[in-house]
Amino acid sequence: MPGNKYNGNSNHIPTRVERLLRERVLREQRKSIRASQSNEVSDNHRGNEVSENGQCYREGDNSGVAFVKQYLEEAGAARPFRQRLLVVANRLPVSAVRRGVKEFEARWIGWAGVNVPDEIGQKALTKALAEKRCIPVFLDEEIVHQYYNGYCNNILWPLFHYLGLPQEDRLATTRSFQSQFAAYKKANQMFADVVNAHYEEGDVVWCHDYHLMYLPECLKKYNTKMKVGWFLHTPFPSSEIHRTLPSRYELLRSVLAADLVGFHTYDYARHFVSACTRILGLEGTPEGVEDQGKLTRVAAFFNCLKLQFPIGIDSDRFIRALELPQVQEHIKELKERFSGRKVMLGVDRLDMIKGIPQKLLAFEKFLEENPYWRDKVVLLQIAVPTRTDVPEYQKLTSQVHEIVGRINGRFGTLTAVPIHHLDCSLDFHALCALYAVTDVALVTSLRDGMNLVSYEFVACQEAKKGVLILSEFAGAAQSLGAGAILVNPWNITEVAASIGQALNMPAEEREKRHCHNFHHVTEHTAQEWAETFVSELNDTVVEAQLRTSKVPPELPQNDAMECYLLSSNRLVILGFNTTLTEPVDTPGSRGDQIEEMELKLHPALREPLIALCNDPKTTIAVLSGSDRCVLDKNFGEYNLWLAAENGMFLRHTKGDWMTKMPEHLNLEWIDSVKHVFEYFTERTPRSHFDFWDTSLVWNYKYADIEFGRLQARDMLQHLWTGPISNASVDVVQGSRSVEVRAVGVTKGAAIDRILGEIVHTTSMTTPIDYVLCIGHFLGKDEDVYTFFEPELPFDALSIARSKPFDGPRLLPAERRPPLKLPASKSGAKSRTSSYYSCGSLLRHPSVPEKISWSVVDLKGDNYFSCAVGRTRTSARYLLGSSDDVVSFLNRLANASSSRDLVFGTDSLPLHPTHIRTSV
Numbered sequence: 001m002p003g004n005k006y007n008g009n010s011n012h013i014p015t016r017v018e019r020l021l022r023e024r025v026l027r028e029q030r031k032s033i034r035a036s037q038s039n040e041v042s043d044n045h046r047g048n049e050v051s052e053n054g055q056c057y058r059e060g061d062n063s064g065v066a067f068v069k070q071y072l073e074e075a076g077a078a079r080p081f082r083q084r085l086l087v088v089a090n091r092l093p094v095s096a097v098r099r100g101v102k103e104f105e106a107r108w109i110g111w112a113g114v115n116v117p118d119e120i121g122q123k124a125l126t127k128a129l130a131e132k133r134c135i136p137v138f139l140d141e142e143i144v145h146q147y148y149n150g151y152c153n154n155i156l157w158p159l160f161h162y163l164g165l166p167q168e169d170r171l172a173t174t175r176s177f178q179s180q181f182a183a184y185k186k187a188n189q190m191f192a193d194v195v196n197a198h199y200e201e202g203d204v205v206w207c208h209d210y211h212l213m214y215l216p217e218c219l220k221k222y223n224t225k226m227k228v229g230w231f232l233h234t235p236f237p238s239s240e241i242h243r244t245l246p247s248r249y250e251l252l253r254s255v256l257a258a259d260l261v262g263f264h265t266y267d268y269a270r271h272f273v274s275a276c277t278r279i280l281g282l283e284g285t286p287e288g289v290e291d292q293g294k295l296t297r298v299a300a301f302f303n304c305l306k307l308q309f310p311i312g313i314d315s316d317r318f319i320r321a322l323e324l325p326q327v328q329e330h331i332k333e334l335k336e337r338f339s340g341r342k343v344m345l346g347v348d349r350l351d352m353i354k355g356i357p358q359k360l361l362a363f364e365k366f367l368e369e370n371p372y373w374r375d376k377v378v379l380l381q382i383a384v385p386t387r388t389d390v391p392e393y394q395k396l397t398s399q400v401h402e403i404v405g406r407i408n409g410r411f412g413t414l415t416a417v418p419i420h421h422l423d424c425s426l427d428f429h430a431l432c433a434l435y436a437v438t439d440v441a442l443v444t445s446l447r448d449g450m451n452l453v454s455y456e457f458v459a460c461q462e463a464k465k466g467v468l469i470l471s472e473f474a475g476a477a478q479s480l481g482a483g484a485i486l487v488n489p490w491n492i493t494e495v496a497a498s499i500g501q502a503l504n505m506p507a508e509e510r511e512k513r514h515c516h517n518f519h520h521v522t523e524h525t526a527q528e529w530a531e532t533f534v535s536e537l538n539d540t541v542v543e544a545q546l547r548t549s550k551v552p553p554e555l556p557q558n559d560a561m562e563c564y565l566l567s568s569n570r571l572v573i574l575g576f577n578t579t580l581t582e583p584v585d586t587p588g589s590r591g592d593q594i595e596e597m598e599l600k601l602h603p604a605l606r607e608p609l610i611a612l613c614n615d616p617k618t619t620i621a622v623l624s625g626s627d628r629c630v631l632d633k634n635f636g637e638y639n640l641w642l643a644a645e646n647g648m649f650l651r652h653t654k655g656d657w658m659t660k661m662p663e664h665l666n667l668e669w670i671d672s673v674k675h676v677f678e679y680f681t682e683r684t685p686r687s688h689f690d691f692w693d694t695s696l697v698w699n700y701k702y703a704d705i706e707f708g709r710l711q712a713r714d715m716l717q718h719l720w721t722g723p724i725s726n727a728s729v730d731v732v733q734g735s736r737s738v739e740v741r742a743v744g745v746t747k748g749a750a751i752d753r754i755l756g757e758i759v760h761t762t763s764m765t766t767p768i769d770y771v772l773c774i775g776h777f778l779g780k781d782e783d784v785y786t787f788f789e790p791e792l793p794f795d796a797l798s799i800a801r802s803k804p805f806d807g808p809r810l811l812p813a814e815r816r817p818p819l820k821l822p823a824s825k826s827g828a829k830s831r832t833s834s835y836y837s838c839g840s841l842l843r844h845p846s847v848p849e850k851i852s853w854s855v856v857d858l859k860g861d862n863y864f865s866c867a868v869g870r871t872r873t874s875a876r877y878l879l880g881s882s883d884d885v886v887s888f889l890n891r892l893a894n895a896s897s898s899r900d901l902v903f904g905t906d907s908l909p910l911h912p913t914h915i916r917t918s919v
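Quick note: the sequence shown, position 405, residue 405 per the working numbering, numbers continuous.
Set out below in structure tokens:
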């Protein structure tokens, strides 16, 4: 019986969306089961509030203790039935009592918040915390001071909330930045050590917040197969803000080591991708950030599909709490206390980003403009103190108290005041009662990652259906914006008007708004958020495995060297840019355009390249898209072949340049394309174009990446509808370049001409029995890798080469005829516009057709094609960078020299020292 896409009876491999939809169905089923069992769970098993650095963490909210059912059986992902979840956060929720976990074995790893220097105390605390499934990380006082109070609270937290880096009287903090960042990295490494000590194969590691941005990279260094997710609970600033951070490169790179990076809203995710694009120069995709084929999925979650999924609350806990006798008693007292007056509520930490002064000033303006409401409305402001030892917070406290006193003095009476301000926190039951009697909740955050107060208010308003006034700068605005009144907290007049709108809102409109928000709060709970994140993380790893299966393996250097040493006639084809040049896209690089535009041979290549070039058994050809002057300048002293402009010009360094253009090559389009390139270069700052004899390349690597892409899109539209609409050209798009070249001009097609010329100018008694091809070629030029592939069928090889002429082809190994050497050889001086074909079977034009040369006689194991820094390639193998190329060529040269010293040399080479002039 054929299976459908949701069962295991079909050979159909589910897509990512299908897998996530299936997981969503399973979650809905589990939700129904839990709902039926919820009455059996007492309230004291649902966790208590704990506070860390002024940020509220609740059990079941963002503790990361999630419920997720194993899935992906059809994708072959074998996992334990009870998958372990390691939740890593800066602080342990040691005051929280955790609910039972069914599908997961969850462990929380974090700092216990106390300094325990002695080993005995550490063992005792570790044992005590183990009962709560918590694992402590022990940080000494100096590390805590530099890492937590310094780098996290004084650098990252203000920056992520758009407050900027320390200035003026806080310059001392800036001067000690390096020591703070060193402590930050050391602390993250200590977290990683603890995680690694407790990690078991198949575990999911979930890292939380800006305190642990360096952790994903540390974990991946331990184990590249570890499933690592990272979630940020604060806003992520725009790239223009983030680029002011001195450690911008290191932190972005470290976060990208994670498999999945999560944010509360799409805006935060978009800012992160933009920062990676603009600061690191990586490729942003709809799914995340791609770096040399490695994709880090970046998502703001909404249910199981990647739209938007802010953290939620345990709404059932608040709803059921309203039925408790003690809460009902609180509600009764509050109603009596504020009888005849509308109640407005603000619940905030006493923090710069919460906009408490702006809220009070707006309320003052409302009272000024609406005398009717002065004795009919009261604002209850709960301001939870935080960081009371910091001068800025002390100053804020004084400012708030001053405003409150002024308003109460202006509009208060002997029996009532318009503002009740409390510098303290409330217990859970009192807070629920306060939410329940409130008519208008006022959230005026200047910048907030989410703000769950708005969620809690909505959850407690089923009876009263109060109005929520919500800052557009809070993350919750993207979730509750439809039912709330959105305001700009900096616009005091707008907020004051919104207060009047909320107080005078008809009951019918209040109910509609409340129903919309209540549905969202009860559906998108903290548990749903956690389940979705872990589902996405598991699926991201599966998706990465599918992608990796298509990525070629790393070059087996030992095998390549062994085959090289055993061969007698070798051909080494090397690219130039990014292959033999010094790396420029290194972390921390500012991109020196003038210096980088001048291509220079890697300084460490000189000795190995000289050794390889002087090996009589080896012929080296450098195949590049650059012009002749660039190649002459870099390779003039070496004994090798140079192919410029994708093989259109060829010479040995001991000879002159010769033109190898096909006959009847039409280049009339060049001038018109040049004018277009000049125009777009003028209107795109820091872009440039190279004008060569057979092609033009416009490069916007150093321009603003987004603007450059828009300009490239405009350029292509203009080219296709104008200058090249009827021309025989190919348009080759690089990651940040546009090239226009004649049809059929590829590096693969050039191999025919290059080999033909080498054969026509070389004495040779043995066929080429080893080919090494290394380069960083654009997709259009990757036919150079498939040129020597014996496994390719004849028709496929013809297509891969894209040769615009008819002639002998490289035959598959099984169809290759026996080696036939010519009875006589004749060299030929290069001729302009000559076009030779060279493959396994190549005939010299002056030799009778019955006499054939078998120039290339490769065994399958004697061909090594290798792409440098490109994972999407048709090459057999990969190397990471030009540094890896240098290292390999160095090993190759050393091994060859050592062997020659022992065994000597034989076999006739392909070098021009043996060139004979043709008759």
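Cβ coordinates follow ideal geometry from the N, Cα and C atoms, glycine included.
Check: Close beta carbons around Leu361, own chain, < 6 Å, minus the five adjacent residues each side; Outcome: Ile492
Check: Host beta strand (DSSP E) of Phe338 (start-end); Outcome: Here Phe338 belongs to no beta strand (DSSP E), and DSSP marks it neither H nor E.
Check: His688 (DSSP reduced to helix, strand or coil); Outcome: strand
Check: Opening and closing residue of the alpha helix (DSSP H) in which Asn517 lies; Outcome: Ala507 to Glu523
Check: Pair within 9 Å by beta-carbon distance, Leu921 and Phe788; Outcome: This structure cannot settle anything about residue 921, because the visible part of the chain is limited to 1 through 919.
Check: Alpha carbon of His429 to alpha carbon of Glu543, nearest angstrom; Outcome: 45 Å
Check: Which residues DSSP lists as bridging His421, in chain order; Outcome: Gln381
Check: Spatial neighbours of Asp781 in its chain, beta-carbon cut-off 6 Å, leaving aside the 5 residues before and after; Outcome: Thr746 and Lys747
Check: Gly262, buried or exposed, once every other Cβ within 10 Å from all chains shown has been counted against 16; Outcome: buried
Check: Helix, strand or coil at Asn699 [DSSP, three-state]; Outcome: strand
Check: Under the three-state DSSP convention, the category Asn154 falls into; Outcome: helix
Check: Proximity below 9 Å, CB of Gly775 to CB of Ala867; Outcome: yes
Check: Spatial neighbours of Ser865 in its chain, beta-carbon cut-off 6 Å, leaving aside the 5 residues before and after; Outcome: Cys773, Tyr785, Ala875 and Arg876
Check: Closest Cα partner of Lys701 within the set His652, Arg349, Thr681 and Gly312; Outcome: Thr681
Check: Alpha-carbon spacing of Ala416 relative to Val378, whole angstroms; Outcome: 9 Å
Check: Beta carbon of Gln358 nearer than 9 Å to that of Val495; Outcome: yes
Check: With 16 other Cβ atoms within 10 Å as the buried cut-off, status of Arg406; Outcome: exposed
Check: Which listed residue (Ile382, Gly312, Asp752 and Glu323) has its alpha carbon closest to that of His264; Outcome: Gly312
Check: Nearest to Glu240 (by Cα), restricted to the options Leu251, Arg278 and Phe231; Outcome: Arg278
Check: Distance CB(Lys512)-CB(Gly483) smaller than 9 Å; Outcome: yes
Check: Stretch pair the segment 380-391 + the segment 471-478: three plus CB contacts closer than 8 Å; Outcome: no
Check: Selected residue, minimal CA-CA separation from Val205, among Tyr222, Asn188 and Gly229; Outcome: Gly229
Check: Proximity to Gly744 [Cα-Cα], best of Glu663, Pro723 and Arg709; Outcome: Glu663
Check: Other residues of its chain near Met190: CB distance less than 7 Å, five sequence neighbours each side excluded; Outcome: Val137 and Leu139
Check: Neighbourhood of Met213 by C-beta, 8 Å cutoff - its chain only, sequence neighbours within 5 removed; Outcome: Leu156, Asn188, Trp230, Leu251, Ser254 and Val255
Check: Contact set for Phe236: own chain, Cβ-Cβ below 8 Å, skip 5 residues either direction; Outcome: Phe160, His242, Phe263, Tyr268, Ala269, His271, Phe272 and Ala275
Check: According to DSSP, residues forming a beta bridge with Met344; Outcome: Leu379 and Val440
Check: CA-to-CA distance, Asp632 to Gly655, given in whole angstroms; Outcome: 11 Å
Check: Stretch-stretch touch, CB-based, cutoff 8 Å, three pairs: the segment 598-618 with the segment 658-672; Outcome: no
Check: Host alpha helix (DSSP H) of Ala463 (start-end); Outcome: Where Ala463 is concerned, there is no enclosing alpha helix (DSSP H), given that its DSSP letter is neither H nor E.
Check: Rounded Cβ spacing between Gly622 and Leu755 (contact assumed at less than 8 Å); Outcome: Here residue 622 turns out to be Val, not Gly, going by the sequence shown. In fact, because the Cβ distance is near 14 Å, the residues do not count as touching under 8 Å.
Check: Residue closest to Leu86, alpha-carbon to alpha-carbon, out of His198, Pro158 and Asp118; Outcome: His198
Check: Minimum C-alpha distance to Phe411 - residue among Tyr455, Ala436, Trp373 and Thr397; Outcome: Trp373
Check: Beta-carbon separation (whole angstroms), Leu232 vs Asp209, contact threshold 8 Å; Outcome: 6 Å
Check: Closer than 9 Å to chain B by CB, Arg133; Outcome: Among the chains of the structure shown, chain B does not appear; only one protein chain is present.
Check: Cβ contact (3+ pairs, closer than 8 Å) linking the segment 454-461 and the segment 430-438; Outcome: yes
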